[in-house]
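Trainee: Respectively, the protein sequence lines represent chains A and B.
Going by this note's numbering, the first sequence opens with residue 1, and the numbers climb by one from there.
Going by this note's numbering, the second sequence opens with residue 1001, and the numbers climb by one from there.
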Amino acid sequence: MSHLLAFDIWGGWATTLTIKTVIVLAIVPLTALLLGYIFLLKMMSHMQSRLGPMDPGGFHGWYQLLGDGIKFLQKEDIMPAEADRRVFALAPAVVVLSTFLVFVVIPAGPRMNVASLDTHGSYDGVGVFYALAVSSLSVIGVLMAGWASSNKYALMGALRAAAQLIAYELPLVLAVVGVVIQAGTMSLQGIVHFQQDGEIFGWGGIGFPLILTQFVGFALFMVAAQAELTQPPFDMPVAESELVAGYMVEYTGFRFLFFFIGEFGTAFAFAALAATMFLGGWSLPWVHGSAADVLGPFILVTKVLLVAFLMFWARFTYPRFREDQLQALAWKWLIPIALVNILLTGVLKVAF
Amino acid sequence: MKKELKGMLTGLGVTFRTMTKPAVTVQYPHEREDPTPRARGVIALKEENCTVCMLCARSCPDWCIYIEGHKEQRPPRREGGRPRSVSVLDRFDIDYALCMYCGICVEVCPFDALFWSPEFEYSEPRIAELLHDKDKLGEWMATVPEPEPLEQGAQVKGKK
């Protein structure tokens, strides 16, 4: 029974759990800041022939987002008189929670993830399934926010968001099925190892990044992820010309900051999922062992930034869809294409 | 369908090319973009040309020009002649908090006492300080650019 004593617990799983929690809590806002700064402030500005913030912090305005965050903390915490107070307060936390939960399974190195969901020594986990499941939790937070705000714009925005997130959940999941069939595992670590150790007709020079065969899946995943993030051209839930700010309209200060962290943290999480499943995640074919332990996170972040570039490139280029066009794209195009992709992948997997 | 896809790719190309080009922004406090010489920055007053005729003050749509003056007797030009009366300018203020930079005062001045200057850095923390008196308006004269030379073959008016 001695292993249940307090000091024993702190020598074991409790310490590890605390460290992991702190790391995830620290990393999610950091990734949100990273993407927000690189893409929202800088890349978008240059795509519009502007410079973006240049003065805060001295070097190309790197301090701008941190300053904005501090400003949000100082703001008055306003709650509408008619709001459902507890639900209103809880909603941003639910949205941000779904972001945190996705980060749990994303591997940043051969031994570096919060939980791989694998049993030791095999790749039998359900990481892909888990990540896609918890990422859709955010729709509950969005609905809560819209309903509890007692504001017609917020409610309309939340309903649009719910319709959109549910519609695009399907192509998102179906796009990944091809990867799972080919790798033969749902564990994200397993998928990474499949790509690292894989060979293209006996040549292992670049491993076997699954984007080579699953490029259709990759394209579908990117489009669906864009919609899941409610980014332009799929930003009807927060369309400012129609709904002011959609479900976020009544939120100020710290709670609004939560939505912001949720948005960009989720963007990073989806980019990391795409990088892991289609580009090989933390792995490079010639990096093994302890070198992979050290370099893994950097390789992963590089690939994530590459994928995020594609996401934000589309975000800053295209105008917003109409609501019916959005649904038509999901149900008439993405889902059938995804189904055909799964069928072809299955047939070719059996054939080869 | 093909046309739409082509359009979408063209759009991506446009944003990407814009990103690789240098931005058009001028970082104003750190680097200064010179305005064009004939820009309407501020109105300068050449005091000795002013005859207190009030045309500018009356034509101003915003009523932002304040003029006061008085008449003085000057000795006659010839022996035994009548003493001349001249108008002396006491006050000439332009309230730049009201001015809308239409330039009608500059156009209407019959004696070339008002000029456009491209200078634009005269913002003030207090709105009352945007009222420029005739000394300050006179200082702007130093920033007025020389008029451009006449075109080839233009008729030059003889000076009186």
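Ideal Cβ positions, reconstructed from N, Cα and C, are used throughout, including at glycine.
This one's a predicted model, so the numbers in the text were calculated from it and none came from an experiment.
Specify the secondary structure class of B:Phe1016 as computed by DSSP and reduced to three states.
Mentor: helix
Trainee: When Cβ atoms are compared, which residues of the segment 280-296 of chain A fall closer than 8 Å to chain B?
Mentor: none
Trainee: Return yes when the Cβ of A:Met156 is within less than 8 Å of the Cβ of A:Ala243, no when it is not.
Mentor: According to the sequence provided, residue 243 of chain A is Leu. The question's Ala does not apply to it. Cβ distance < 8 Å, so A:Leu243 and A:Met156 count as in contact.
Trainee: Kindly list, in the order they appear in chain B, the residues whose Cβ is closer than 8 Å to that of A:Ser49.
Mentor: Taking the beta carbon of A:Ser49 as reference, the chain B residues within 8 Å of it are Thr1018, Lys1021, Ala1023, Val1024, Thr1025, listed in sequence order.
Trainee: In the segment 30-42 of chain A, which residues sit with their C-beta less than 8 Å from some C-beta in chain B, listed in chain order?
Mentor: none
Trainee: Output the distance between the C-alpha atoms of B:Met1141 and B:Gln1155, rounded to the nearest integer angstrom.
Mentor: So the alpha carbons of these two residues sit roughly 27 Å apart.
Trainee: Which of helix, strand or coil does DSSP assign to B:Glu1151?
Mentor: coil
Trainee: Pick helix, strand or coil for A:Leu188, following the three-state DSSP scheme.
Mentor: Reduced to three states, the DSSP call for A:Leu188 is helix.
Trainee: Which partner residues of B:Lys1071 appear in the DSSP bridge assignment?
Mentor: B:Ser1087
Trainee: Taking a Cβ distance cut-off of 8 Å, strictly less, list which residues of the segment 300-316 of chain A are near chain B, in chain order.
Mentor: Trp313, Ala314, Phe316
Trainee: Are the C-beta atoms of B:Leu1137 and some chain A residue less than 8 Å apart?
Mentor: no
Trainee: Three or more C-beta pairs closer than 8 Å, one from the segment 46-57 of chain A and one from the segment 77-88 of chain A: is that the case here?
Mentor: no
Trainee: Can you list, in chain order, the residues of its chain whose CB lies under 8 Å from that of B:Met1054, leaving out five sequence neighbours each side?
Mentor: Ile1067
Trainee: Starting from A:Val95 and walking both ways along the alpha helix (DSSP H), at which residues does that stretch end?
Mentor: 85-103
Trainee: So that I know if they touch, is there some Cβ in chain B lying closer than 8 Å to that of A:His60?
Mentor: no
Trainee: Taking Cβ-Cβ distances shorter than 9 Å, what residues in chain A pair up with B:Leu1012?
Mentor: Neighbours of B:Leu1012 on chain A, chain order: Trp313, Ala314, Thr317, Tyr318.
Trainee: To the nearest angstrom, report how far apart A:Leu90 and A:Gly141 are at their CA atoms.
Mentor: 8 Å
Trainee: Using alpha carbons as the reference points, say which of B:Val1042, B:His1030, B:Asp1034 lies closest to B:Lys1136.
Mentor: B:Val1042
Trainee: With a threshold of 8 Å between beta-carbons, can A:His46 be considered close to chain B, or not?
Mentor: yes
Trainee: For the alpha helix (DSSP H) containing A:Ile353, list its first residue and its last residue.
Mentor: Chain A is shown only over 1 to 352; residue 353 of chain A falls outside these bounds and no answer can be derived.
Trainee: Does any CB atom of chain A fall closer than 8 Å to the CB of B:Thr1143?
Mentor: No, because no Cβ of chain A sits closer than 8 Å to the Cβ of B:Thr1143.
Trainee: Chain A beta carbons: is any one of them nearer than 8 Å to that of B:Thr1036?
Mentor: For B:Thr1036, the answer is no, since every Cβ of chain A falls outside 8 Å of its Cβ.
Trainee: Please name the residue in A:Ala145, A:Pro285, A:Ile166 whose C-alpha comes closest to that of A:Phe208.
Mentor: Relative to the Cα of A:Phe208, the nearest Cα in the group A:Ala145, A:Pro285, A:Ile166 belongs to A:Pro285.
Trainee: Any beta-carbon of chain B closer than 8 Å to the one on A:Met222?
Mentor: no
Trainee: Considering only residues of the same chain and omitting the five flanking positions on each side of A:Gly36, which have a CB-CB separation below 6 Å?
Mentor: Leu65, Phe264
Trainee: Here's a check: name, in chain order, each residue in its chain whose Cβ is nearer than 7 Å to the Cβ of A:Ile206, leaving out the five neighbours to either side.
Mentor: Pro285
Trainee: Could you spell out the range, first to last residue, of the alpha helix (DSSP H) harbouring B:Trp1116?
Mentor: From DSSP, B:Trp1116 is part of no alpha helix (DSSP H) but of the beta strand (DSSP E) over 1114-1117.
Trainee: Give me the Cα-Cα distance between A:Met248 and B:Ala1039, rounded to the nearest whole angstrom.
Mentor: Looking at the two C-alpha atoms, the distance is approximately 44 Å.
Trainee: Assuming the contact rule is C-beta atoms closer than 8 Å, A:Leu117 and A:Gly125 should be a hit. Round their C-beta distance to whole Å, please.
Mentor: 3 Å
Trainee: Taking 6 Å as the limit between beta carbons, can you name the residues of its chain near A:Gly67, skipping five residues before and five after?
Mentor: Within the same chain, A:Gly67 has close Cβ partners Pro56.
Trainee: One question on the structure: do A:Ala224 and A:Pro171 come within less than 8 Å of each other, judged by their Cβ atoms?
Mentor: yes
Trainee: Please state whether DSSP places A:Phe259 in a helix, a strand or coil.
Mentor: Three-state result, A:Phe259: helix.
Trainee: Taking contact to mean at least 3 C-beta pairs separated by less than 8 Å, is the segment 227-242 of chain A in contact with the segment 160-175 of chain A?
Mentor: yes
Trainee: Could you check whether the Cβ of B:Val1015 sits closer than 8 Å to any Cβ belonging to chain A?
Mentor: Before going further, note that residue 1015 of chain B is Thr rather than Val in the sequence given. Taking Cβ atoms only, chain A reaches closer than 8 Å to B:Thr1015, which makes this a yes.
Trainee: Would you call A:Pro237 buried or exposed, if buried means 16 or more other Cβ atoms sit within 10 Å of its Cβ?
Mentor: buried
Trainee: Residues of chain B with CB closer than 9 Å to the CB of A:Met54, please, in chain order.
Mentor: From the beta-carbon of A:Met54, the residues of chain B found nearer than 9 Å are Thr1025, Gln1027, His1030.
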